[in-house]
Amino acid sequence: MMRKFNYNEIVVLNPLQTRYQMMSSRVFIPLYAAANDGIYRMNRRKFVTKYGPKTIGMYMLGAFGALILLIGIGIVAYPFTSTTGMTSADGLIAIVIGGLMLYFARKNANKLNQRISEEKGMEGEIVVPWSQVKTITVMNVRQENVANRPSLVLNTVAPTYKEIGDWHVLTTDGNDIIIPNVDDPYNKLNYVKNRFNLNFS
Numbered sequence: 008m009m010r011k012f013n014y015n016e017i018v019v020l021n022p023l024q025t026r027y028q029m030m031s032s033r034v035f036i037p038l039y040a041a042a043n044d045g046i047y048r049m050n051r052r053k054f055v056t057k058y059g060p061k062t063i064g065m066y067m068l069g070a071f072g073a074l075i076l077l078i079g080i081g082i083v084a085y086p087f088t089s090t091t092g093m094t095s096a097d098g099l100i101a102i103v104i105g106g107l108m109l110y111f112a113r114k115n116a117n118k119l120n121q122r123i124s125e126e127k128g129m130e131g132e133i134v135v136p137w138s139q140v141k142t143i144t145v146m147n148v149r150q151e152n153v154a155n156r157p158s159l160v161l162n163t164v165a166p167t168y169k170e171i172g173d174w175h176v177l178t179t180d181g182n183d184i185i186i187p188n189v190d191d192p193y194n195k196l197n198y199v200k201n202r203f204n205l206n207f208s
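The sequence shown stops at residue 208 when you use the numbering used here, and every number in between is there.
Below you can see the structure in the form of structure tokens.
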């Protein structure tokens with residue numbers, strides 16, 4: 008059974024932790040989410056196709072804006088009139104342009120976040136309804152480096168660890184369904200139980 012959601016209706020169980028995982032085999036692992044009636048396998052491809060290009064465009068606009076802003080500040084602080092012909096006025100123009108690009112990138116990002124939250128733009132297929140869940144056990148708990156800085160070297164030298172685990176969902180008919188790579192698996196399980204008023208063990 009397929010169902011459409013807005014972002015506020017679900018709890019995403021195993022999101023990608025870093026931008027680098029977008030280039031790894033983890034993108035082939037289904038995205039799972041908990042809703043009020045069960046656990047769903049989300050249609051990530053449709054969601055990415057719809058919102059991905061806009062998100063990438065805003066990130067690029069923000070990145071170029073930040074670069075132009077920094078260059079402008081550098082020119083104002085240290086004009087290179089003798090070598091490039093640039094003056095402090097050129098630096099001020101660059102600061103204004105970079106600042107406007109950052110402003111519009113942030114403004115559009117906020118609008119997109121609000122739109123994603125409000126509209127039913129996410130689609131999922133039911134994996135198991137809560138009525139068929141006997142118990143959920145957290146297994147294979149490990150610490151993963153989820154540092155998300157632009158530099159891979161910095162991520163390795165100064166790692167940021169997060170607890171990742173797998174949910175083993177035992178159903179009333181004896182099946183074992185694995186939800187892999189759940190972040191903060193114990194706390195997320197407790198949160199899901201409390202949010203959706205669930206009483207399985």
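Even for Gly, the Cβ is constructed at its ideal location relative to N, Cα and C.
Residue j beta carbon less than 8 Å from that of residue i
i: residue 168; j: residue 150; result: yes
i: residue 172; j: residue 189; result: yes
i: residue 177; j: residue 118; result: no
i: residue 50; j: residue 130; result: yes
i: residue 134; j: residue 48; result: yes
i: residue 76; j: residue 109; result: yes
i: residue 136; j: residue 152; result: no
i: residue 68; j: residue 112; result: yes
i: residue 290; j: residue 96; result: Residue numbering for the chain in the displayed model covers 8 to 208; residue 290 lies beyond these limits and cannot be assessed.
Extent of the continuous beta strand (DSSP E) run through residue i
i: residue 140; result: 140-152
i: residue 136; result: 129-136
i: residue 173; result: 168-178
i: residue 9; result: 9-12
i: residue 165; result: Careful: residue 165 lies outside any beta strand (DSSP E) and carries neither H nor E.
The alpha helix (DSSP H) enclosing residue i, as first and last residue numbers
i: residue 196; result: 192-202
Beta-carbon proximity list for residue i, same chain, < 8 Å, skipping 5 on both sides
i: residue 36; result: 21, 187 and 188
i: residue 8; result: 132 and 133
6 Å CB neighbourhood of residue i in its chain, flanking five on each side removed
i: residue 98; result: 79, 82 and 83
i: residue 203; result: 43
i: residue 194; result: none
Whole-angstrom distance between residue j and residue i, CA atom to CA atom
i: residue 175; j: residue 18; result: 17 Å
i: residue 41; j: residue 191; result: 14 Å
i: residue 208; j: residue 143; result: 7 Å
i: residue 44; j: residue 107; result: 45 Å
i: residue 46; j: residue 154; result: 28 Å
i: residue 60; j: residue 196; result: 33 Å
i: residue 63; j: residue 179; result: 43 Å
i: residue 184; j: residue 16; result: 22 Å
Residues near residue i by beta carbon distance below 7 Å, same chain, minus five either side
i: residue 147; result: 172 and 173
i: residue 104; result: 75
i: residue 71; result: 108
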